[in-house]
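Chemist: Residue numbers for the sequence shown follow our numbering, beginning at 29 and rising by one.
Quick reminder that beta carbons are idealized off the backbone N, C-alpha and C, glycines included.
Structure incoming, see below.
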Amino acid sequence: MSRPQPSDEDSLEPTSPVRIGAGSFATIYAIPGRSIVLKVAHSQDHAAQVKAEYENLHSIYTRCNSDSLFAIPRALAFYDPQVQELLFYPPSPGRGRSRQPCKPFSPSFFSKVPPRPCYVMDRVAPLQPDVAEFIHSSMYPSAASNAPDPLLCRLYFGKQLRPSAFINPNNFPIDVARYELLVQHFPNDIPSIADVAAGMGEMLSRIHWNAGYDARDVEFVMAGAPDSAITRFYILGFNQSIKVHSFTQVNEDVTPLVDAFFSSDPYYPRPIPGDSLYEAFKRAYVRSCNPDHIPDAKLFLQAIEQRQAARAVMV
């Protein structure tokens, strides 16, 4: 008996992964109907980078994810088809069930993406439509009026953006002035700019002193939630983060943390004492630190303030 075919009015929901973006070493695919994405290496040569980001993300999520304004996506599984290496973390056991949950991933799960090293992570959903439409109408240049609405926004609180005819909907930049415009238009839905700056300080402190990483090249973004129509904030991009602290002593060398702070895109408010956004960032950074490392945290803040002052003199 032949299998019934869908009518013109009905269509089967697509299940094949769809390319939604790319970075320096990997392409991101979304799976329709599921709140996960796959990050697939551009080539086998990038296997170590993909695996390192998977392991960094899991470590930082485990030690730093909380009720902070900024969420951290979970790393769910890594797979390298060339060497048949499959890694994943055991799922939580089901409540009230007599059987343990089955393995969440198998090699066949990865059969519909290019056969290169990859890992699975929680999806960062696109911006909710009304926010995306407002950004398009009020912040896009006239030459980009036909460009797609933004999917997510990078939060650049450390620089003032200049007008540009180039638009990247996958990573639309938002500086302080643009963010304040959003708060004015969505006063009940968008957190205050001080709350966002404090959230940055909180997460950076946890990455430094709970997980021991330098947070090099991490990204602070505004996007949507896969399960509701709200704006959600995330911290992404852990492939360049390096484990730098042993937590065995107070007054550890903070130079690697300072170097990473200034080498990254200027998401954080510039460390200028007295600046209201930096003071919100600074208070949250110290407040979120393990008490044993408060002296280290203060050394880091003092060091970035000194380097910022030296940079200003050079300019």
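(1) Quick one: residues in its chain with C-beta nearer than 7 angstroms to the C-beta of S44, no 5 flanking neighbours on either side, listed in chain order?
(2) Starting from D108, follow its DSSP beta bridges and name the residues at the other end.
(3) Mind the definition here: the stretch 153 to 164 touches the stretch 241 to 253 only if three or more C-beta pairs lie below 8 angstroms; say whether that holds.
(4) Per DSSP, what are the beta-bridge partners of F261 in this structure?
(5) Tell me, please, which residues DSSP counts as bridged to M149.
(6) Three Cβ pairs or more, each shorter than 8 angstroms: is that satisfied between the stretch 325 to 332 and the stretch 288 to 306?
(7) Going along the chain, which unbroken runs of the beta strand (DSSP E) with 3 or more residues stay wholly within the stretch 153 to 193?
(8) Please report the distance separating the alpha-carbon of A153 from that of P294.
(9) When the Cα atoms are used, what is the spatial distance from P135 to I163?
(10) Any idea which residues DSSP pairs P135 with across the strands?
(11) If we count Cβ pairs, one from each stretch, closer than 8 angstroms, do we get three or more for the stretch 228 to 236 versus the stretch 209 to 217?
(12) Quick check: the Cα distance between N199 and P297, rounded to an integer number of angstroms?
(13) With a 10 Å radius around its C-beta and 16 neighbouring C-beta atoms as the bar for buried, classify Q268 as buried or exposed.
(14) Below 6 angstroms CB to CB, which residues in the same chain sit around P284 once its five sequence neighbours on both sides are set aside?
(15) Is it a yes or a no for the stretch 57 to 72 touching the stretch 188 to 207, going by three-plus beta-carbon pairs under 8 angstroms?
(16) For P132 and K79, which I take to be in contact (beta-carbon distance under 8 angstroms), what is that distance rounded to the nearest angstrom?
(17) How would you write the range of the beta strand (DSSP E) that Y241 sits in, first residue to last?
(18) Pull up the distance between the alpha-carbon of M228 and that of V314, whole angstroms please.
Modeler: Based on what the coordinates show:
(1) Here S44 has K140 as same chain residues with Cβ atoms under 7 angstroms from its own Cβ, once five neighbours each way along the sequence are excluded.
(2) D108 pairs with E113.
(3) Yes: at least three Cβ pairs fall under 8 angstroms.
(4) DSSP output for F261 lists F98 and M250 as bridge partner(s).
(5) Under DSSP, M149 takes part in a beta bridge, and its partners are V65 and A103.
(6) The stretch 325 to 332, when compared against the stretch 288 to 306, does touch it at the 8 angstroms Cβ threshold.
(7) Complete beta strand (DSSP E) runs here, min 3: 181 to 183.
(8) Straight-line spacing of the CA atoms in A153 and P294 works out to 23 angstroms.
(9) In this structure, the straight-line span from the alpha carbon of P135 to that of I163 is close to 41 angstroms.
(10) As DSSP reads the structure, P135 sits in no beta bridge.
(11) Proximity of the stretch 228 to 236 to the stretch 209 to 217 falls short of the contact definition, fewer than three beta-carbon pairs being nearer than 8 angstroms.
(12) CA-to-CA, the gap between N199 and P297 works out to about 19 angstroms.
(13) By the neighbour-count rule (16 or more Cβ atoms within 10 Å), Q268 is buried.
(14) Same-chain partners within the cutoff: D242 and V272.
(15) With a cut-off of 8 angstroms, the stretch 188 to 207 and the stretch 57 to 72 do not count as touching, because too few Cβ pairs lie within range.
(16) Contact between P132 and K79 does not hold, since their C-beta atoms are separated by about 18 angstroms, which reaches or exceeds 8 angstroms.
(17) In the DSSP assignment, Y241 falls outside any beta strand (DSSP E), carrying neither H nor E.
(18) Their backbone Cα atoms lie some 12 angstroms apart in a straight line.
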